[in-house]
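Colleague: What follows is a single structure, and I will ask about it in a moment.
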Amino acid sequence: MLRFCALAVLLAATTPAMAKDITVEAGPNAQERLQSALLDAKPGDTVRIGVGRFELTDGLSLDVNGVTVRGAGALRTVLSFKGQLGAGEGLLVTSDDVVLRDFAVEDSKGDGIKSKGANRIVYKNVRVEWTGGPKASNGAYGVYPVESEDVLIDGVTVKGASDAGIYVGQSNRIIVRNSTAMYNVAGIEIENSGLAEVTNNLATHNTGGILVFDLPALPRRGKGWVTVSGNRVLDNDTPNFAPPGNTVATVPTGTGVLVMAENDVDVRDNELSGNGTANIMVVAYRQPFEDKGYDPYPRNIRLAGNKHGRAGFAPAMPGGKELAAALGGTLPPVFWDGTGGDQVRLTGNDGPVLTLGLALGAGIETAKPQLIKLADEIPPPWQTFKLPAAMEAAAR
Amino acid sequence: MKALLGAAALFAAALLGRPTGVNDAAITAEGWPAHLSDYGFFTDLKARTPAQRLMAYDLETPLFSDYAGKERYIYLPDGTRAKYDPDKPLDLPVGAALIKTFGYPVNGVFKPLETRVLLHRAGGWVPIPYVWNAEGTDADLKRAGTRVPVRFTDPSGETHSISYAVPNQNQCKDCHGLAGQVTPIGIKARYLNHGGQLEKLLAAGMLDRLPADAPKVARWDDTAAPIDARARAWLEINCAHCHNPEGAASNSGLFLDLARTDPEQRGLFKRPTAAGRGAGTRDFDIVPGDPQASILLYRMESTDPGIAMPELGRATVHKEGVALVRAWIESMPKTPEKR
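Line by line, the protein sequences are chains A and B. Offset between the first sequence (1-based) and the working numbering: plus 31. Offset between the second sequence (1-based) and the working numbering: plus 4.
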């Protein structure tokens, strides 16, 4: 008996006490019922969302640690924000150790799902979509973790975001894998972040497929160490539909992978094709900035083992057409603005590479186009990371 | 044992009739009292007559909430005092409460719509929204928030029919969250320091001290005050609870607190971070001398949830606030070489 009691105590200590399921079915008053479930959940609980369409009028939010929100499938459980009247996103998560899986968010007025300061968050088999196709009036980001440590995005689909489909900003230790981004301005974007793996995704029919940015005047600067590998980056041909004020509004239509001002980026073993401007672009940050200590150059960028299909046949950056004409009609698959020169340390075995030899801030009319072959140096030891095992387990 | 005695004393007070009328246990105990009446904040709830130790207050420059009128009270338990701070909110003891009733005049009489309470419990501040019943006799717990159709006339005489949003508990935290802790916003000395309010608190023994040099914000609609002070007070109270380095908009890098000095952090020639379509066709948060090119104004003038700022609690445009911020941006010297 004593032994049994000890066992019970042990169990109570290791599993959340009385973890329970809170089930919410589709039907009238979905807003209040679903939001109440998200408020009532305790750490360890699962909020189960049933099959069907949930018509919502306001943003939903979760602020309890350790809660799983689980639908019946990304096609079967649909949270529709078509009638949304308030809040800047469909679902907002501000707590740690949250798992979001198997449901869809449609037509939110602002962002789809935002998680801020939400450490160890898992997005699994989630779909975020603006159902009217690519439009400037669609919300900005589909899946939007920001200021978070440990982020796993696995099997997610985002369509129609007027900024980035999958956007991870100002965060560290990030995996984006097995996901699909299509008909967004930017398919997948890693911004001002550190230690990220973007792997085995499909980025297609966006304006730009996969973006790795480090921008000035943000509270957190990117630490770099970003791997972009094993992705299919195909036919990113949707005309840029971002509202003009945005950074991504400057991304040329037909960009495959774009590295801007970030350090330590490894782009390897991807399949890239049908990107009319370039399969891979490496550029400096070209706008004026006042952020002291900000480094506008990309540094230590490795491009290797990528399979390059057709590219550079419709270059959409300023002066691109003239450049292509001068080079016999199309541009090579890899483009580097050349800004920063040798200190950029662009290496690998991809190529040929078109470089423009532009000085920082100089216009395209000053370009000195040149085809170069990259030096295939042995890369310095790469910083690697692992996400906590519980996150991987939650994504199974 | 001490805790047990305390609980027993509270229980006894509840049985014997509470001296202040306020049910202190409802404030400090875990959970969500079902009705506003459970707290005893008002001796006559229908008339909203405050109980003892509830002190009415208002803010020199308040948050705009769809032209709703607001009745605010601070409650301090017997024998406790607020601690003065020149910058941060007054430091209130556990057991204190802030009670804020929102409503609109109907036939010239204020009709309450919702009451939000902010309770200082041992684990921190807890926000709870209550929505008034049709008879105006009590307000009921509404943790998940709700929407109420409202018709009202604004100060310019324009009539509005809106879907008024009562926030859910998490949305309360969106604005009141500071470095992950729920925190009062309005009860800062500089917002209370007018009309003898702080002096009254001091005289009632509800404030520990009041220095002669206590700060004071400009009243946003006081045309005799400098426009810079008025506009920045308006922006602080309407925006800075999120737009500060520890608030919900920390990642934006746009910080609108009054103490901020860095021009770019304050929005001058600052490019948007994650504004999405909230930026419209504009490049910078504030372009000095050019309000029509400033994202700040674009978002203040919109009621589209994907564009409008603040994100919560605004279904109408604060025309007078927009006019103020517009005039303020216009008053800034143009620096065309920056563009």
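Ideal placement from N, C-alpha and C gives every residue a C-beta, glycine not left out.
1. Closer than 7 Å by beta-carbon distance: list the chain B residues that pair up with A:PRO274, in chain order.
2. Run through DSSP, which three-state label would B:VAL329 get?
3. Out of B:ASP226, B:SER165, B:PRO133, B:GLU305, point me to the one whose CA is closest to B:VAL326's CA.
4. Relative to the C-alpha of A:LYS190, which residue among A:PRO410, A:GLY173, A:LEU377, A:PRO319 is closest?
5. Opposite B:TRP136 in the DSSP bridges: which residues?
6. Beta-carbon within less than 6 Å of A:LEU233's beta-carbon, same chain only, minus the 5 sequence neighbours each way: which residues are those?
7. Could you name the residues of chain B that A:SER67 contacts, counting a contact when the two beta carbons are closer than 8 Å?
8. Could you tell me the distance, in whole angstroms, from the CA atom of B:ILE31 to the CA atom of B:GLY200?
9. Looking only at DSSP bridge pairs, what is A:ASN294 linked to?
10. With a threshold of 7 Å between beta-carbons, can A:PRO74 be considered close to chain B, or not?
11. Would you list, in sequence order, the uninterrupted alpha helix (DSSP H) runs of no fewer than 4 residues that lie entirely inside the stretch 24-65 of chain B?
12. Can you check whether the CB of A:LEU385 is closer than 7 Å to the CB of A:LEU362?
13. Answer yes or no: does any C-beta atom of chain B fall closer than 7 Å to that of A:ALA292?
14. Taking the beta strand (DSSP E) that A:ILE241 belongs to, which residues open and close that run?
15. Taking the alpha-carbon positions, what's the B:LEU272 to B:VAL291 distance?
16. Could you compute how far the alpha carbon of B:LEU214 sits from the alpha carbon of A:THR281?
17. To which residues of the same chain is B:GLY128 closer than 8 Å at the C-beta, ignoring the five residues directly before and after it?
18. At a Cβ cut of 7 Å, what residues of the stretch 238-259 of chain A count as close to chain B, listed as they run along the chain?
19. Are there 16 or more other CB atoms within 10 angstroms of the CB of A:MET348, so buried, or fewer, so exposed?
20. From B:PRO159, B:TYR302, B:GLU240, pick the residue whose C-alpha is nearest to that of B:GLU324; which is it?
21. If you draw a straight line from the C-alpha of A:PRO410 to the C-alpha of A:ARG151, how long is it?
22. Please return the same chain residues whose Cβ sits closer than 6 Å to the Cβ of A:VAL153, not counting the five positions on each side in sequence.
23. Beta-carbon within less than 7 Å of A:ALA315's beta-carbon, same chain only, minus the 5 sequence neighbours each way: which residues are those?
24. Is the stretch 158-177 of chain B touching the stretch 85-94 of chain A, taking contact as three or more C-beta pairs under 8 Å?
25. Give me the Cα-Cα distance between B:LEU328 and B:ALA235, rounded to the nearest whole angstrom.
26. So, does the CB of B:THR277 fall closer than 7 Å to a CB anywhere in chain A?
27. What three-state label does DSSP hand A:TRP413 in the structure shown?
28. In chain A, which residues lie with their C-beta within 9 Å of the C-beta of B:ALA263?
29. Output the residue ranges of the beta strand (DSSP E) runs that lie fully inside the stretch 66-144 of chain A and measure 3 residues or longer, sorted by chain position.
30. How long is the line joining the alpha carbons of A:PHE344 and A:MET312, rounded to whole angstroms?
31. Near B:THR119, which residues of its chain fall below 6 Å by C-beta distance, leaving aside the five closest residues on each side in sequence?
32. Which of the three DSSP states, helix, strand or coil, is assigned to B:ALA319?
33. On the premise that A:ALA195 lies in contact with A:TRP158, defined as a C-beta separation below 8 Å, what is that separation, rounded to the nearest angstrom?
34. Would you call A:THR238 buried or exposed, if buried means 16 or more other Cβ atoms sit within 10 Å of its Cβ?
35. Kindly indicate the opening and closing residues of the beta strand (DSSP E) around B:LYS74.
36. Along the chain, where does the beta strand (DSSP E) containing A:TRP256 start, and where does it finish?
Modeller: Considering the structure as presented:
1. ARG281, ALA283, GLY284, THR285
2. Here B:VAL329 sits in helix by DSSP.
3. B:GLU305
4. A:GLY173
5. B:TRP136 has B:ALA143 as its beta-bridge partners, per DSSP.
6. THR211, ARG263
7. Correct list: ARG147, ALA148.
8. When only Cα atoms are considered, B:ILE31 and B:GLY200 end up about 28 Å apart.
9. A:ARG330
10. Closer than 7 Å: no.
11. 28-32
12. yes
13. For A:ALA292, no CB of chain B lies under 7 Å from its own CB, so it is not counted at the interface with that chain.
14. 239-244
15. Straight-line Cα distance between these residues: approximately 6 Å.
16. 54 Å
17. Once the five neighbours on either side are set aside, the close Cβ partners of B:GLY128 are GLN185, VAL186.
18. Cβ contacts with chain B come from ALA248, LEU249, PRO250.
19. Residue environment analysis places A:MET348 among the buried positions, since at least 16 neighbouring C-beta atoms fall within 10 angstroms of its C-beta.
20. Per the C-alpha coordinates, the member of B:PRO159, B:TYR302, B:GLU240 positioned closest to B:GLU324 is B:PRO159.
21. 30 Å
22. VAL130, LEU183, MET422, ALA425, ALA426
23. ALA292, PRO327, TYR328, PRO329, ASP368, THR370, GLY371, LEU391
24. yes
25. 6 Å
26. yes
27. coil
28. Those within 9 Å of B:ALA263 in chain A number zero; the least Cβ separation is about 17 Å.
29. 77-80, 83-86, 89-93, 99-101, 108-111, 117-124, 130-132, 135-137
30. Whole-angstrom Cα-Cα distance: 14 Å.
31. Excluding sequence neighbours, B:THR119 sits near LEU40, THR105, TYR134, ALA143.
32. coil
33. Per the sequence shown, the amino acid found at residue 158 of chain A is Arg instead of Trp. Actually they do not touch by this definition, with Cβ atoms about 16 Å apart.
34. Burial call: buried.
35. 73-79
36. Counting along the chain, A:TRP256 sits inside the beta strand (DSSP E) bounded by residues 255-260.
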